[in-house]
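Report on one structure; see the data block that follows.
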Amino acid sequence: MGWVAAGCCTAIAGFILYRFLVQNLVHSGDGPEVTAQHRQASERPVKIPAYVDSASKSTPQENVNRENLLKASIPLMEVTHTNDASLKPATEKSEPRTAETPEISMPPPPLPKPNRSSSPPRLKPLTATRPGQGSIRPPPSGAASLRVPVTKPLPNASLAPTSSIMPPGKQVSRKVILEPGHSPLDWAALTNNPNNHLRGKDAPGENLLRITPAQLKMQNGRKGRDAWTVYQGKVYNITPYVPFHPGGAGEILRGAGKDSVKLFMEVHPWVNWDGMLSECLVGILVSEEQEATDNIGSLDEMD
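Using UniProt numbering, you'd call the opening residue of the sequence shown number 1 and step up by one each time.
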C-alpha cells in the first residue's frame, strides 16, 4: 500500500504544479508552444487520479513536458515510503501491556455430588420375643428389694440359661404367678432366720436322721405328713418351699417321697439345690440292710 500512496501524492503534486506553471507562462508570454499546449490541456476536463494507473493514460510527450516543467520550477517534494520497521516500536511497546494483564487462575474443581442411590445401611428391627420362648425371669418387685439383705447366695437368683445352652431333650418348667411375699428374696430372708424350724414337725431335734426308703415313701405330703425328697443321698423337707416354687406346687410335689435327682436335672439343672434347701435338711438316706446292721451293733454296745 506504500507505493500506491506515493504514486497518488506524486500525481496530485504534479497536477498542482502544472496548473501554476501554465498560468505563469500564459501571463509572461514565454514559450508560445508550451502555452498553447497548456491551454488545450486546461480546457480539457481534468480528473484527479485515484491510483497510479491514471498517470499511465497520458501521452509520452505530455509526460516529458511535465517532467521538464517540474525540474525548472520549485524542487519536488520527496516522499519516503513508510517501512514496517517504523511500526515495530509501537507494536513492541504494546506487547508489554498485554503481558501486564493479570493471570486468571483456574477455578477450583466442582465438589462431587452425593450419590442419591447410595443410602445408609438400615438396621434390622429387633424382633420381640414371645412369652414362651425365653426363660428369663422377671425382676423382683420394689418392695422385695427393701427387705432384709441376703447373706447367703440366693438359691434361685441365677437366671435360667437360654435354649442354646440347654442340652437336647431338656424342658424348662413353666412359671406360675406366685402370691405376694413368696419371691426368692422372701425365701432367702426366711432361711436366714434361725427361729424358723424348716425341718418340719416330723423331724424333731437338731440331729440328722438316718432314713430308709420305706420311711421316705411314707413322707409324701399326704394325710398331714411332711413331704420329703432325696437329692444326691440327702433327705430334704420340701413342704415349706412349696409355695415359693416358681414352677408351682404340683411340679415340686412330683418328687415327694422318692429320689428326685432325675426330675431335677431334667427341669432346672442350673439351680443350686444345696444352697436353696440347706435349712430343710432332715438326714441321709440309708438302705434297709444298713439300718438293720446298725441297730444290731447299737444293741450290742448297750449290753
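Beta carbons are placed, not taken as given, at the ideal position from N, Cα and C, and that holds for glycine.
Item	Value
Let me confirm a value: residue 344 is counted as buried when at least 16 other C-beta atoms fall within 10 Å, else exposed. Which label applies?	Because the chain here runs from 1 to 303, residue 344 falls outside it and cannot be looked at.
Nearest CA to the CA of residue 195: which residue from 178, 279, 6?	279
Report the residue from 210, 21, 13, 187 whose alpha carbon sits nearest the alpha carbon of residue 290.	210
Between the beta-carbon of residue 221 and the beta-carbon of residue 176, is there less than 9 Å?	no
Put residue 229 into one of helix, strand or coil per three-state DSSP.	strand
According to the neighbour-count rule (16 or more other Cβ atoms, all chains shown, within 10 Å of its Cβ), is residue 216 buried or exposed?	buried
From the DSSP output, in three-state form, read off residue 216 for me.	helix
Express the C-alpha separation of residue 227 and residue 198 in angstroms, rounding to a whole number.	12 Å
Out of 11, 218, 8, 180, point me to the one whose CA is closest to residue 243's CA.	180
Does residue 209 come out as helix, strand or coil in the three-state DSSP assignment?	strand
Leaving out five residues on either side along the sequence, give the residues of the same chain with a beta carbon under 6 Å from the beta carbon of residue 277.	236
Return no unless some Cβ of chain C is closer than 9 Å to the Cβ of residue 227.	The structure shown contains no chain C; it is built from a single protein chain.
For residue 67 and residue 12, I'd like the C-alpha separation in whole angstroms.	14 Å
Between the Cα of residue 223 and those of 20, 213, 202, 273, spot the shortest distance and give me the residue it belongs to.	202
Is residue 255 near residue 293, with beta carbons less than 9 Å apart?	no
Between the Cα of residue 192 and those of 286, 275, 284, spot the shortest distance and give me the residue it belongs to.	275
If you compare alpha carbons, which of 212, 239, 240 is closest to residue 304?	Since the displayed the chain opens at 1 and closes at 303, residue 304 lies outside it and no answer follows.
Thinking just about the alpha-carbon of each residue, which of 285, 186, 108, 182 is nearest to the one in residue 219?	285
Does the beta-carbon distance from residue 240 to residue 190 come in below 9 Å?	yes
Going by C-alpha to C-alpha distance, which of 9, 8, 20, 272 sits closest to residue 188?	272
Report the residue from 253, 231, 283, 270 whose alpha carbon sits nearest the alpha carbon of residue 262.	231
In the DSSP assignment, find the beta strand (DSSP E) that holds residue 237 and state where it starts and stops.	234 to 237
State buried or exposed for residue 9, treating a residue as buried only when at least 16 other CB atoms are found within 10 Å of its CB.	exposed
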